[in-house]
Amino acid sequence: EAQVTQNPRYLITVTGKKLTVTCSQNMNHEYMSWYRQDPGLGLRQIYYSMNVEVTDKGDVPEGYKVSRKEKRNFPLILESPSPNQTSLYFCASRSQGLGYEQYFGPGTRLTVT
Amino acid sequence: AQSVTQLGSHVSVSEGALVLLRCNYSSSVPPYLFWYVQYPNQGLQLLLKYTSAATLVKGINGFEAEFKKSETSFHLTKPSAHMSDAAEYFCAVTEGDSWGKLQFGAGTQVVVTP
Numbered sequence: 098e099a100q101v102t103q104n105p106r107y108l109i110t111v112t113g114k115k116l117t118v119t120c121s122q123n124m125n126h127e128y129m130s131w132y133r134q135d136p137g138l139g140l141r142q143i144y145y146s147m148n149v150e151v152t153d154k155g156d157v158p159e160g161y162k163v164s165r166k167e168k169r170n171f172p173l174i175l176e177s178p179s180p181n182q183t184s185l186y187f188c189a190s191r192s193q194g195l196g197y198e199q200y201f202g203p204g205t206r207l208t209v210t
Numbered sequence: 167a168q169s170v171t172q173l174g175s176h177v178s179v180s181e182g183a184l185v186l187l188r189c190n191y192s193s194s195v196p197p198y199l200f201w202y203v204q205y206p207n208q209g210l211q212l213l214l215k216y217t218s219a220a221t222l223v224k225g226i227n228g229f230e231a232e233f234k235k236s237e238t239s240f241h242l243t244k245p246s247a248h249m250s251d252a253a254e255y256f257c258a259v260t261e262g263d264s265w266g267k268l269q270f271g272a273g274t275q276v277v278v279t280p
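Chains as they are written, first to last, in this note's numbering: chain P, 98 to 210; chain X, 167 to 280.
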């Protein structure tokens, strides 16, 4: 089954404790992206990647890191989480080209206390 | 630069009534437009998309949307609401290049009442 998977689905952590949210897709998509969803703001892009070893900042990259060492994986790293990073996070992927839709993972709900 | 405005953060409709969700966009080039639905505790699922073919686009679950260039709109409709349509709906726009960034609206929460 074609899908984007994320782990963990739920995470409660404390300020400053490094964490990684994994994302994997099995559709051989070139493009992958991370979003955060906050009430009243819709989804905002954090980082995206156009292919292996090619990443770039989205609209809200501060406090986040990413890497793309393999085509299928695109982990999101919070090196020193803060309470304002409490949010719902989505990973997405799509093929390169005009008009292709993005496929979304199930989401990771992160709470930073 | 592209942007999306969804009118109404919450919409309440009666079961069997028309669902109308409004989306207006701005884009400096011909856009690609999408509607996504998010059911509780789930990720986003594509409802339909406009990619410069027919201006009236039919999607899943009986939804459709019409692209109106003169009004820069892409409103989503369904003739008869069902209880299972209760969800949050997002309009999104991307501009016409291979790596087009997807810009989302703030979302509209739909409540369906019996």
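Glycine included, every Cβ here is placed at the ideal spot set by N, Cα and C.
Per DSSP, which residues does residue i bridge with? Please list them.
i: R169/P; result: Bridge partners of R169/P: none, in fact.
i: E232/X; result: L222/X and H241/X
i: H176/X; result: Q275/X
i: D135/P; result: G139/P
i: Q122/P; result: V101/P
i: Y128/P; result: R191/P
i: L186/X; result: T243/X
i: Y161/P; result: Looking at the DSSP assignment, Y161/P forms no beta bridge with any residue, so it has no partner.
Taking the beta carbon of residue i as the centre, do at least 16 other beta carbons fall within 10 Å, making it buried, or is it exposed?
i: H126/P; result: buried
i: K244/X; result: buried
i: E254/X; result: buried
i: A134/X; result: Coverage of chain X is limited to positions 167 through 280, which leaves residue 134/X absent and any answer about it impossible.
Three-state secondary structure (DSSP) at residue i?
i: Q182/P; result: helix
i: N227/X; result: helix
i: S192/X; result: strand
i: S177/P; result: coil
i: S246/X; result: coil
i: Y144/P; result: strand
i: S169/X; result: strand
Name the two residues that bound the continuous beta strand (DSSP E) containing residue i.
i: K154/P; result: V151 to K154
i: Y205/P; result: Note that residue 205/P is Thr in the sequence shown here, rather than Tyr. Here the beta strand (DSSP E) through T205/P covers T205 to V209.
i: A258/X; result: A253 to E261
i: T110/P; result: Y107 to T110
i: L268/X; result: That residue, L268/X, is in no beta strand (DSSP E); it is neither H nor E in DSSP.
i: Y202/X; result: P197 to Q204
i: Y216/X; result: L210 to Y216
Touch test, the region 180-192 of chain X against the region 210-218 of chain X, Cβ-Cβ under 8 Å, three pairs minimum: No: the two stretches stay apart, fewer than three of their Cβ pairs being nearer than 8 Å.
Inspect the CB distances between the region 116-123 of chain P and the region 169-180 of chain P and report whether three or more fall short of 8 Å. Verdict: yes, contact present.
Can we say the region 136-152 of chain P touches the region 100-109 of chain P, given the rule of at least three CB pairs closer than 8 Å? In this structure the region 136-152 of chain P does not touch the region 100-109 of chain P; the number of beta carbon pairs closer than 8 Å is below three.
Contact the region 184-194 of chain P vs the region 127-134 of chain P: 3+ CB pairs below 8 Å: Between the region 184-194 of chain P and the region 127-134 of chain P there are three or more inter-stretch CB-CB distances shorter than 8 Å, so the stretches are counted as touching.
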